[in-house]
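Student: In the working numbering, the protein residues as written are 304 to 552.
A single structure is presented below for examination.
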Ligand code: PGA
């Protein structure tokens, strides 16, 4: 049985005091949620404040990025050990904004995924096609390339710890959500790829979540799809009520 995962990707939003008060107010509103995992991924600067605010709650902590080296002269970077030390259970990797603005390649993302798994933290590994790629009918080629390189040399015993987030780039922050059937088609393709590359058991256990303009109004139809195991929520996770409504879809 795959436990649904609803994760907030706050991106570069909220200063410490805003992050703290958000979580303090939110945690009582979701305290009875037992059938889903709830994760908040704030900016690095608010990780500790959020960690403190979620103690004794059913909310978990995640980060939005990491570097693959363990320590050393890498000005401005953060290691997996550092994030684990703060209490991060998840780290978002390969987000399309990182691919676009920070030139992260599939190979770089693979190095990060390997390091994160080595430290027993779960990557939330984002993949997805651009609008141009969808219009050129190469969506599945793109997904296959991102999966093949991103999950290259990942141990079969570790792959279930990865959460794959299907985030069509044309749906991120645009207000344009993939229809449930468009999303389900991609999720089915991804699960089948996991089955062929790893095993049927792995494909049944791995969680594949959707991201891209999730809102309280569209989450329940998405979650009815057999292969959609949760959501990675950007804009709609910045307001308590909308995020809580998404969690309670
Ligand atoms: P959005 O972002 O919900 O604002 O579209 C999702 C994401 O980028 O993870």
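Each residue gets a CB set at the ideal place from its N, CA and C atoms; glycine is no exception.
Should residue 469 go down as buried or exposed, given a rule of 16 or more other Cβ atoms within 10 Å for buried?
Tutor: Residue 469 is buried by the Cβ-count criterion.
Student: Which first and last residues belong to the alpha helix (DSSP H) in which residue 453 is found?
Tutor: Taken as a continuous stretch (DSSP letters only), the alpha helix (DSSP H) holding residue 453 covers 442-453.
Student: Let me have the residue list for ligand 1: C-beta closer than 6 Å to any non-hydrogen atom, ordered along the chain.
Tutor: Here the list is 312, 470, 475, 476, 514, 515, 516, 517, 535, 536, 537, 538, 539.
Student: Residue 373: which of 387, 365, 366 sits nearest, CA to CA?
Tutor: The residue with the shortest Cα to Cα distance from residue 373 is 387.
Student: Sort out for me which residues DSSP pairs residue 466 with in a bridge.
Tutor: Bridge partners of residue 466: 427, 510.
Student: Can you name, in chain order, every residue of its own chain whose Cβ lies under 7 Å from the Cβ of residue 515, other than the five neighbours on each side?
Tutor: Hits under 7 Å: 470, 471, 474, 475, 480, 481.
Student: Are the beta-carbon atoms belonging to residue 369 and residue 381 less than 7 Å from one another?
Tutor: It is a contact, given that the beta carbons lie within the stated cut-off.
Student: Measuring alpha carbon to alpha carbon, tell me which of 420, 486, 545 ends up nearest residue 432.
Tutor: Ranking 420, 486, 545 by Cα distance to residue 432 puts 486 first.
Student: What span of residues does the beta strand (DSSP E) with residue 366 cover, start to end?
Tutor: Counting along the chain, the beta strand (DSSP E) containing residue 366 begins and ends at 362-366.
Student: Which same chain residues, not among the five before or five after residue 414, have their C-beta less than 8 Å away from its C-beta?
Tutor: Cβ neighbours of residue 414 beyond the five flanking positions: 371.
Student: Go ahead and pull the three-state DSSP assignment for residue 518.
Tutor: Residue 518: coil per DSSP, three-state reduction.
Student: Reducing DSSP to helix, strand and coil, say where residue 541 ends up.
Tutor: In this structure, residue 541 counts as coil in the three-state DSSP scheme.
Student: Please state whether DSSP places residue 340 in a helix, a strand or coil.
Tutor: Looking at residue 340 - three-state DSSP - the assignment turns out to be strand.
Student: Just list the residues that DSSP pairs residue 311 with in beta bridges.
Tutor: Answer is 343, 536, bridged to residue 311.
Student: Assuming residue 424 and residue 467 form a contact by the criterion Cβ under 8 Å, report the distance between their Cβ atoms to the nearest whole angstrom.
Tutor: The pair is not a contact, with the Cβ atoms about 15 Å apart (cut-off 8 Å).
Student: Helix, strand or coil for residue 387, going by three-state DSSP, please let me know.
Tutor: Helix, per DSSP.
Student: Taking the alpha helix (DSSP H) that residue 432 belongs to, which residues open and close that run?
Tutor: No alpha helix (DSSP H) holds residue 432; DSSP gives it neither H nor E.
Student: Less than 6 Å between C-beta atoms, sequence neighbours within five positions excluded: which residues of the same chain meet that for residue 535?
Tutor: Around residue 535: 310, 312, 468, 512, 514.
Student: Identify which residue in 453, 521, 491 has its Cα closest to the Cα of residue 427.
Tutor: Out of 453, 521, 491, 453 has the C-alpha closest to the C-alpha of residue 427.
Student: Would you give the residue range spanned by the alpha helix (DSSP H) that residue 415 belongs to?
Tutor: Residues 409-421.
Student: Looking at the strands, I want to know which residues DSSP matches up with residue 396.
Tutor: Per DSSP, 428.
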